[in-house]
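There are 2 protein chains.
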Amino acid sequence: MKAMNFADFKKRVNLSNTDICREIFAGHRDAIRVKKEKTVVRNLERIFDATLKISNRKGFQAMSMRDLSKETELSMGALYAYFSSKEELLEMLQMQRRSITWRILSEHLEAIRLPADRLRAAIRIHLYLSEAMQPWFYFAYMETKHLSKKDQEDAKASELATEKIFIDILEDGVSQGVFRETDTTLVAGAIKALLQDWYLKRWKYSKRKISVDSYAAFVIDTTETYVNAATRPH
Amino acid sequence: MKAMNFADFKKRVNLSNTDICREIFAGHRDAIRVKKEKTVVRNLERIFDATLKISNRKGFQAMSMRDLSKETELSMGALYAYFSSKEELLEMLQMQRRSITWRILSEHLEAIRLPADRLRAAIRIHLYLSEAMQPWFYFAYMETKHLSKKDQEDAKASELATEKIFIDILEDGVSQGVFRETDTTLVAGAIKALLQDWYLKRWKYSKRKISVDSYAAFVIDTTETYVNAATRPH
DNA sequence: GTCTATACACAGATAGAC
DNA sequence: GTCTATCTGTGTATAGAC
Numbered sequence: 686m687k688a689m690n691f692a693d694f695k696k697r698v699n700l701s702n703t704d705i706c707r708e709i710f711a712g713h714r715d716a717i718r719v720k721k722e723k724t725v726v727r728n729l730e731r732i733f734d735a736t737l738k739i740s741n742r743k744g745f746q747a748m749s750m751r752d753l754s755k756e757t758e759l760s761m762g763a764l765y766a767y768f769s770s771k772e773e774l775l776e777m778l779q780m781q782r783r784s785i786t787w788r789i790l791s792e793h794l795e796a797i798r799l800p801a802d803r804l805r806a807a808i809r810i811h812l813y814l815s816e817a818m819q820p821w822f823y824f825a826y827m828e829t830k831h832l833s834k835k836d837q838e839d840a841k842a843s844e845l846a847t848e849k850i851f852i853d854i855l856e857d858g859v860s861q862g863v864f865r866e867t868d869t870t871l872v873a874g875a876i877k878a879l880l881q882d883w884y885l886k887r888w889k890y891s892k893r894k895i896s897v898d899s900y901a902a903f904v905i906d907t908t909e910t911y912v913n914a915a916t917r918p919h
Numbered sequence: 686m687k688a689m690n691f692a693d694f695k696k697r698v699n700l701s702n703t704d705i706c707r708e709i710f711a712g713h714r715d716a717i718r719v720k721k722e723k724t725v726v727r728n729l730e731r732i733f734d735a736t737l738k739i740s741n742r743k744g745f746q747a748m749s750m751r752d753l754s755k756e757t758e759l760s761m762g763a764l765y766a767y768f769s770s771k772e773e774l775l776e777m778l779q780m781q782r783r784s785i786t787w788r789i790l791s792e793h794l795e796a797i798r799l800p801a802d803r804l805r806a807a808i809r810i811h812l813y814l815s816e817a818m819q820p821w822f823y824f825a826y827m828e829t830k831h832l833s834k835k836d837q838e839d840a841k842a843s844e845l846a847t848e849k850i851f852i853d854i855l856e857d858g859v860s861q862g863v864f865r866e867t868d869t870t871l872v873a874g875a876i877k878a879l880l881q882d883w884y885l886k887r888w889k890y891s892k893r894k895i896s897v898d899s900y901a902a903f904v905i906d907t908t909e910t911y912v913n914a915a916t917r918p919h
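Those sequence lines, one after another, are chains X and V. For what it's worth, my numbering labels the leading residue of the first sequence as 686, then goes sequentially. For what it's worth, my numbering labels the leading residue of the second sequence as 686, then goes sequentially.
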């Protein structure tokens, strides 16, 4: 089976901002004062684009509602028809990113059985998704501390849940004898760290002209080298 | 040679907050209005401790000068005797962390010649330093975007400079034939990502009761496994 | 050196016209 | 649905007493 690349991924997955906003509208129908879907989707798209753009430059806390109003070309009054407070806007963005991530990962991994295949697929999908939604992932990572205490706990739980996917794959592989015995928790954490580096240090990787496909190949290569290595004698 | 552990590192390096503050005083004698060293050092210590504590919980931008005044038990007026603006306080913290990092890394690597030894030492020192100054490292990472544009460039340059240390070690190793040929830039980036994960996700590693020494061993192990692996046939 | 009191800009949020 | 105008709290920073 030829490995999926980023172009394939984008074709397979619907991740236009319009689709995302339609999904958010469905989930927040009662919280949003405006009722006409077409209007809501158009404006939510502006609002999220602008929020991500401004926040990823100078921070969500430092972005004022007046900044957001100017960038979206909507008045302050209009903005508050879509969320009841700045904090709620933050939660909408965080929540949406989390639920999309979970859905896409589950969908794509469901059909894959062999641990070696699952490991490669999980790395690729996570990486490609974070590439397709880079501003969302960067934002979610950097703005966790501005969430309420409860939502911070949710964010950590979600982080551990995606890490658990990798742990489970690794453990399956070990128990089936296709991977050698390693500290699967540490290995899973290391994979996550490498995946996160891609969207946190985008500036570095673009400057070096490293494509997401070649980075995927690198992460897979390092991981496989480690879990397949012959145990060395002391 | 027995490998240095974290306890050894702490013994070898003077990194009490008092020492750090004395160093800052030396570098900012003219910017600080108060002149008695003992007073300055005592208060700077409070100020930095409090800033790191509050900012690492809710963000530097979200920390008000009134918060800082309460936590340090210094009045607003007194605080402004030590820096001329909130932004300057941020720069002092960033700058200090950078210069300490650079100094410690250089000092400790100077005497080590063999690439394999240098690689292990660079990983250990970086990791141990970030452990000894965890709040500083976390702060520096998370608050880069609140710096002025120029200082943001400096921060990126410094990030690339420490990465260059690893690149150079790896290249030396390759040209001396002790490491196999790899993409040294990617490998160096991966090492950095793993090192950063340690201070960015401290909550995770403490929950799992992973010590800094065992994490050091893990990072060294994965790296060496990769750079020593026999090239696989296609 | 440190304090209290205060200046004044700007934040988030809403009321009510259209 | 969207706007303008405005309320009220809080932000950074400083002046001047002690």
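All C-beta atoms, glycine included, are put in the ideal place defined by N, C-alpha and C. Quick caveat: nothing in here was measured; it's all calculated off a predicted structure.
Chain-order list of residues whose beta-carbon lies under 8 Å from that of Leu790 of chain V (same chain, five-residue window excluded): As a working note, residue 790 of chain V is residue 105 in the second sequence. Correct list, in chain order: Ala807, Ile810, His811, Leu814, Thr847, Ile850.
Proximity test, Cβ basis, 9 Å: Lys738 of chain X and chain V: Residue 738 of chain X sits at position 53 when you count from the first residue of the first sequence. So no, Lys738 of chain X is outside the interface.
Euclidean distance between Cα positions of Leu879 of chain V and Ala875 of chain X: As a working note, residue 879 of chain V is residue 194 in the second sequence. As a working note, residue 875 of chain X is residue 190 in the first sequence. The alpha-carbon atoms of Leu879 of chain V and Ala875 of chain X are separated by roughly 6 Å.
Residues of the segment 693-718 of chain X with Cβ closer than 8 Å to any Cβ of chain V, in chain order: none
Contacts around Arg718 of chain X, its chain only, beta-carbon distance under 7 Å, and the 5 residues preceding and following it disregarded: The count along the first sequence starts at 1 and reaches residue 718 of chain X at position 33. Counting only Cβ-Cβ distances below 7 Å, and skipping sequence neighbours, we find Ala766.
is_contact[Lys721 of chain V, chain X] using C-beta, thresh 9 Å: Numbered from 1 along the second sequence, position 36 holds the residue referred to as residue 721 of chain V. False, the Cβ-Cβ gap to chain X never drops below 9 Å.
Cβ of Asp882 of chain X within 9 Å of any chain V Cβ: Counted from its first residue, the first sequence places residue 882 of chain X at position 197. With 9 Å as the cut-off, Asp882 of chain X counts as an interface residue toward chain V.
Backbone CA spacing between Arg805 of chain V and Leu778 of chain V [nearest angstrom]: Residue 805 of chain V sits at position 120 when you count from the first residue of the second sequence. Residue 778 of chain V sits at position 93 when you count from the first residue of the second sequence. Roughly 28 Å between the two C-alpha positions.
Touch test, the segment 731-742 of chain V against the segment 757-765 of chain V, Cβ-Cβ under 8 Å, three pairs minimum: yes
Whole-angstrom distance between Tyr911 of chain V and Pro800 of chain X, CA atom to CA atom: As a position in the first sequence, residue 800 of chain X is number 115, starting the count at 1. As a position in the second sequence, residue 911 of chain V is number 226, starting the count at 1. Whole-angstrom Cα-Cα distance: 21 Å.
Neighbour flag for Thr910 of chain V against chain X, beta carbons, 9 Å: Here residue 910 of chain V is taken as the residue at index 225 of the second sequence, counted from 1. Thr910 of chain V counts as touching chain X.
Chain-ordered neighbours of Arg893 of chain X on chain V, where CB pairs are closer than 8 Å: Within the first sequence, residue 893 of chain X is the residue found at index 208, counting from 1. Those within 8 Å of Arg893 of chain X in chain V are Thr870.
Chain V contact for Gly744 of chain X (CB, 9 Å cutoff): Numbered from its first residue, the first sequence carries residue 744 of chain X at position 59. Yes, contact with chain V.
Interface residues of chain X facing Met827 of chain V [CB-CB closer than 9 Å]: Residue mapping note: residue 827 of chain V aligns to position 142 of the second sequence, counting from 1. Met827, Lys830, listed in chain order.
Coil, strand or helix - Glu709 of chain X by DSSP: As a position in the first sequence, residue 709 of chain X is number 24, starting the count at 1. Reading the sequence as shown, one finds Ile at residue 709 of chain X and not Glu. If DSSP states are grouped into helix, strand and coil, Ile709 of chain X belongs with the helices.
Residue environment, Met761 of chain V, which counts as buried when at least 16 other CB atoms sit within 10 Å: The residue you call residue 761 of chain V lines up with position 76 of the second sequence. The residue is exposed, with fewer than 16 neighbouring Cβ atoms inside 10 Å.
Where Glu722 of chain V falls: helix, strand or coil (DSSP): For this step, residue 722 of chain V is matched to residue 37 along the second sequence. Helix.
Range of the contiguous alpha helix (DSSP H) that encloses Leu880 of chain X: Within the first sequence, the letter at position 195 stands for residue 880 of chain X. Residues 869-885.
Pro918 of chain V - DSSP class collapsed to helix/strand/coil: Taking the first residue of the second sequence as 1, we reach residue 918 of chain V at position 233. In this prediction, Pro918 of chain V scores a pLDDT of 49, lower than 50, which makes its location untrustworthy; the coordinate-derived value is nonetheless stated afterwards. It is coil, neither helix nor strand.
Unbroken alpha helix (DSSP H) run spanning Tyr826 of chain V, endpoints: Translated into the one-based positions of the second sequence, residue 826 of chain V becomes position 141. Residues 819-827.
Expected contact under 8 Å - CB spacing of Leu885 of chain X and Glu828 of chain X to nearest Å: As a working mapping, residue 885 of chain X is identified with position 200 in the first sequence. As a working mapping, residue 828 of chain X is identified with position 143 in the first sequence. About 13 Å; that fails the 8 Å criterion.
Rounded separation between Arg865 of chain X and Ile854 of chain X - CA only: Counting from 1 along the first sequence, the entry for residue 865 of chain X is found at position 180. Counting from 1 along the first sequence, the entry for residue 854 of chain X is found at position 169. Spanning the two alpha carbons is a distance of roughly 13 Å.
Cβ of Ala801 of chain V within 9 Å of any chain X Cβ: Locating residue 801 of chain V in the second sequence gives position 116, where the first residue counts as 1. It does not; no Cβ of chain X falls within 9 Å.
Unbroken alpha helix (DSSP H) run spanning Ile923 of chain X, endpoints: With chain X running from 686 to 919 in the structure shown, residue 923 of chain X is simply not present.
Between the CA atoms of Arg697 of chain X and Ala747 of chain X - distance to the nearest angstrom: For the purposes of this step, residue 747 of chain X is taken as the residue at position 62 of the first sequence. For the purposes of this step, residue 697 of chain X is taken as the residue at position 12 of the first sequence. Distance between the alpha carbons of Ala747 of chain X and Arg697 of chain X: 37 Å.
Range of the contiguous alpha helix (DSSP H) that encloses Met750 of chain X: By 1-based counting over the first sequence, the position of residue 750 of chain X is 65. 750-757 is the span of the alpha helix (DSSP H), which, as asked, contains Met750 of chain X.
is_contact[Val886 of chain V, chain X] using C-beta, thresh 9 Å: Along the second sequence, read from residue 1 onward, the residue named residue 886 of chain V stands at position 201. A small correction: the amino acid at residue 886 of chain V is Lys; Val does not occupy that position in the sequence shown. So yes, Lys886 of chain V belongs to the interface.
CB contact flag (Glu708 of chain V, Ile785 of chain V, <9 Å): Here residue 708 of chain V refers to the residue found at position 23 when the second sequence is read from its first residue. Here residue 785 of chain V refers to the residue found at position 100 when the second sequence is read from its first residue. Yes, Cβ-Cβ distance for Glu708 of chain V and Ile785 of chain V is below 9 Å.
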